[in-house]
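Everything below concerns the one structure shown next.
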Amino acid sequence: MADLAFLWHMHQPDYRHPESGHFVLPWVLLHTIKDYSDMASHLERHPGVHCTVNFVPVLLDQIEDYADQLVTGQWRDPLLRIAAHREPDALDEEDRAWLLDMAFRCHAPTMLEPFAPYRRLRDLLAFVKVQDANALSYLSGHYYADLATWFLLAWTGESLRRTGHAVPELMAKGDAFTFADRQRLLEELAGTVEQIIPRYRALSERGQIELSCTPEHHPLAPLLIDFKAAREAWPESPLPSAPAYPGGLTRVEAHLAAARASHERRFGSPPRGLWPAEGALSAPFLKQIGEAGFAWTASSHGVLKHSAGNLAATSQPWLAPEGTPGDLALFFRNEPLSDLIGFEYAKWHGRDAAQHFMTELKAIHIRDSSALIPVFLDGENAWEYYPYNAWYFFSDLYGTLENNTAIRTLTLSEAAATHQARRQRLPRLTAGSWVYGTLSTWVGNPDKNRAWDLLCEVKHCADRALHGGRLTPEESAEVLRRLAVCEASDWFWWLGDYNSPQSVACFDSLFRENLKSLYCLLRLPVPVSLDHPISQGGGTPESGGTMRRAN
Numbered sequence: 001m002a003d004l005a006f007l008w009h010m011h012q013p014d015y016r017h018p019e020s021g022h023f024v025l026p027w028v029l030l031h032t033i034k035d036y037s038d039m040a041s042h043l044e045r046h047p048g049v050h051c052t053v054n055f056v057p058v059l060l061d062q063i064e065d066y067a068d069q070l071v072t073g074q075w076r077d078p079l080l081r082i083a084a085h086r087e088p089d090a091l092d093e094e095d096r097a098w099l100l101d102m103a104f105r106c107h108a109p110t111m112l113e114p115f116a117p118y119r120r121l122r123d124l125l126a127f128v129k130v131q132d133a134n135a136l137s138y139l140s141g142h143y144y145a146d147l148a149t150w151f152l153l154a155w156t157g158e159s160l161r162r163t164g165h166a167v168p169e170l171m172a173k174g175d176a177f178t179f180a181d182r183q184r185l186l187e188e189l190a191g192t193v194e195q196i197i198p199r200y201r202a203l204s205e206r207g208q209i210e211l212s213c214t215p216e217h218h219p220l221a222p223l224l225i226d227f228k229a230a231r232e233a234w235p236e237s238p239l240p241s242a243p244a245y246p247g248g249l250t251r252v253e254a255h256l257a258a259a260r261a262s263h264e265r266r267f268g269s270p271p272r273g274l275w276p277a278e279g280a281l282s283a284p285f286l287k288q289i290g291e292a293g294f295a296w297t298a299s300s301h302g303v304l305k306h307s308a309g310n311l312a313a314t315s316q317p318w319l320a321p322e323g324t325p326g327d328l329a330l331f332f333r334n335e336p337l338s339d340l341i342g343f344e345y346a347k348w349h350g351r352d353a354a355q356h357f358m359t360e361l362k363a364i365h366i367r368d369s370s371a372l373i374p375v376f377l378d379g380e381n382a383w384e385y386y387p388y389n390a391w392y393f394f395s396d397l398y399g400t401l402e403n404n405t406a407i408r409t410l411t412l413s414e415a416a417a418t419h420q421a422r423r424q425r426l427p428r429l430t431a432g433s434w435v436y437g438t439l440s441t442w443v444g445n446p447d448k449n450r451a452w453d454l455l456c457e458v459k460h461c462a463d464r465a466l467h468g469g470r471l472t473p474e475e476s477a478e479v480l481r482r483l484a485v486c487e488a489s490d491w492f493w494w495l496g497d498y499n500s501p502q503s504v505a506c507f508d509s510l511f512r513e514n515l516k517s518l519y520c521l522l523r524l525p526v527p528v529s530l531d532h533p534i535s536q537g538g539g540t541p542e543s544g545g546t547m548r549r550a551n
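Going by my numbering, the first residue of the sequence shown is number 1, and it counts up by one from there.
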């Protein structure tokens, strides 16, 4: 019997402004009501399917923040504030401008075009924009109320549309949403958001899924530890001017410890497995993972090939190289199958895609009846490209897997135990990630390297303040919290001219705001350089393609 091990990775960076705590972007809320809810629903409807679900602590922090907002009405997200406004004609100009900028950011063929009232709102805005400079003033509060409502409705998952009350009723109504309508919608969304963490905990407690974690703020750990790790798989990689990120090993250790504490607090037990941010591993980081007590970790086939040669197979777990603490198992994703789900099947009919995937699995089973098939990918970003948020794909795929006697689904801890005898020792680990098997998505580009240098500068300042005795314990704790946000991998991902200028500008600005906040916490002058964008649009990674991300 061949074993299929899904890992669904759930991650969004911290979108909250460091000073106000308000959300600059609404993606955590929108992925929660669409993807985290639907992915739980698929599993609840198919209890015979086992898998691993990975949550990053900073995402869970923000889900809990939204749950609190929806209960208290203390709005820290402009989308919720606008939707909840009793008198939309009284909306201020800042909220109106924010909504007009955001409210059509979605994959239009699947999330906008199917809904005539939502299309009409888009077309009205397009018409007004080509008029004179004052034409936007003709958009009434009625327009903004309907637009905020449709932005939320378009981002609801199929499970809410099929089992909810307010969501399907308002979608059928289409327009002229009243204050009472919007209140009903927010109440239904509140229940969805509040139940996300308990639903996944319940799935874990009944043994259907394994919950794993990522270091707290999703840091690109190999680079925090040593910039030169980038040259193991890409020898020509340009590096930041700073020789190293100061105290990187200690900072990675702190992210690991915080992740374990977060996981145990929310899910009732420590995690056995760790999905490293972006699947990025290096030998020193692997040592830290083993020392932290994890039983397994994972990366991509690209990293495996660079480490053990082109013929190295993903069809069994690997033992960490000699000298790694503990008995750490390594899994490497089957990239063709993972990428079929992530990038290709959205273009197919759901049943056809599920049948094709099963055919691919059966072909592997014929070649090796005891094979392990590791399929790892984002559990949130691909589904908006699928019709009906991939509902029919998952219904057919999970339903077929439940009734298939040749393919068994396992969690990664189950896979490690089942395939223990088949493990091979990895001869060495070449640092890399699940993108190209290199670290080029986070370093090497002039803008990315400049961002690392800015982070190194403030880290030197933080070290002097933290060790100089001039900060109170409370101030020191707040400095470390803000530093952890600044160490997230996402800032470096987005910088570079191969991403959309709109997304680059937003992440560039939010990164600099976090750095400014850190200088203020240190009671130091904010460098003038942080008032200017980092991004200059220079250079691209050393190989093509990108992984899909939320925008």
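Cβ coordinates follow ideal geometry from the N, Cα and C atoms, glycine included.
Item, Value
"Which whole-angstrom value is the C-beta distance of S517 and E19, which I expect to be below 8 Å?", "6 Å"
"For W318, tell me which candidate among L286, S338, Y345, G293 has the shortest Cα-Cα distance.", "L286"
"Closer than 6 Å by C-beta to P88: which residues in its own chain qualify, once you throw out the five before and the five after it? Chain order, please.", "G141, Y144, A145"
"Output needed for E542: all residues of its chain with C-beta closer than 6 Å, excluding positions within five of it in sequence on either side, in chain order.", "Because the pLDDT at E542 is just 35, under 50, the model does not fix this residue reliably, and the value given afterwards should be weighed accordingly. Cβ neighbours of E542 beyond the five flanking positions: W234, S440."
"So is the beta-carbon of P114 under 6 Å away from any non-hydrogen atom of the ligand ADP?", "Absent from the structure shown: the ligand ADP. Ligands present: none."
"Are G399 and H9 closer than 7 Å when you measure CB to CB?", "no"
"The beta strand (DSSP E) spanning M10 covers which residue range?", "2 to 10"
"Buried or exposed: where does L311 fall if 16 or more other Cβ atoms within 10 Å of its Cβ makes it buried?", "exposed"
"On a CA-only basis, which of D531, R161, K173, W296 is nearest E513? Give me that one, please.", "D531"
"Three-state secondary structure (DSSP) at G350?", "helix"
"At a cut of 8 Å, does the stretch 88 to 108 reach the stretch 43 to 55 through at least three beta carbon pairs?", "no"
"In terms of residue numbering, what span does the alpha helix (DSSP H) encompassing S517 cover?", "501 to 521"
"How would you label I82, buried or exposed, when you count the other beta carbons within 10 angstroms and need 16 or more for buried?", "buried"
"Within this structure, are the beta carbons of I289 and L304 separated by less than 7 Å?", "no"
"Tell me the rounded alpha-carbon separation between D68 and A505.", "29 Å"
"Please report the distance separating the alpha-carbon of E23 from that of L412.", "Correcting the residue identity first, residue 23 is Phe in this sequence and not Glu. C-alpha separation (whole angstroms): 34 Å."
"Nearest-angstrom Cα distance between L105 and S37?", "In the sequence on display, residue 105 carries Arg and not Leu. Each residue's alpha carbon lies about 20 Å from the other."
"Could you tell me the boundaries of the alpha helix (DSSP H) in which D123 lies?", "116 to 129"
"Quick check: the Cα distance between A484 and A390, rounded to an integer number of angstroms?", "34 Å"
"Compare the beta carbon distance of I196 and T32 with 7 Å and say whether it is the shorter of the two.", "yes"
"Would DSSP call P276 helix, strand or coil?", "coil"
"Within this structure, are the beta carbons of V443 and L223 separated by less than 7 Å?", "yes"
"What residue from T72, A172, Q131 has the CA that sits closest to Y118's CA?", "A172"
"For E113, which residues from the same chain have a beta carbon less than 7 Å from its beta carbon, with the 5 sequence-adjacent residues on both sides left out?", "R119"
"Indicate whether A280 and S433 have their beta-carbon atoms separated by less than 7 Å.", "yes"
"Is the beta carbon of L361 closer than 7 Å to that of H419?", "no"
"Is it right to say M39 is buried, meaning 16 or more other beta carbons lie within 10 angstroms of its own, or is it exposed?", "buried"
"In this structure, does DSSP put W622 in helix, strand or coil?", "No answer is possible for residue 622: it lies beyond the span of the chain, which begins at 1 and ends at 551."
"For W493, report the span of its alpha helix (DSSP H) as first-last.", "490 to 494"
"Terminal residues of the continuous alpha helix (DSSP H) containing A484?", "473 to 486"
"Where does V457 sit, in a helix, a strand or coil, going by DSSP?", "The sequence shown places Glu at residue 457, not Val. If DSSP states are grouped into helix, strand and coil, E457 belongs with the helices."
"Between the Cα of L59 and those of T214, D175, A116, L256, spot the shortest distance and give me the residue it belongs to.", "T214"
"Would you decide whether A366 is buried or exposed? Buried here means 16 or more other CB atoms lie within 10 Å of its CB.", "Looking at the sequence itself, residue 366 is Ile, so the reference to Ala does not match. Under this definition I366 is an exposed residue."
"How would you label A176, buried or exposed, when you count the other beta carbons within 10 angstroms and need 16 or more for buried?", "exposed"
"Measure from the alpha carbon of S300 to the alpha carbon of each residue in Y345, P270, Y436, then state which is nearest.", "Y436"
"Using 7 Å as the threshold, is the C-beta distance between P527 and R428 below it?", "no"
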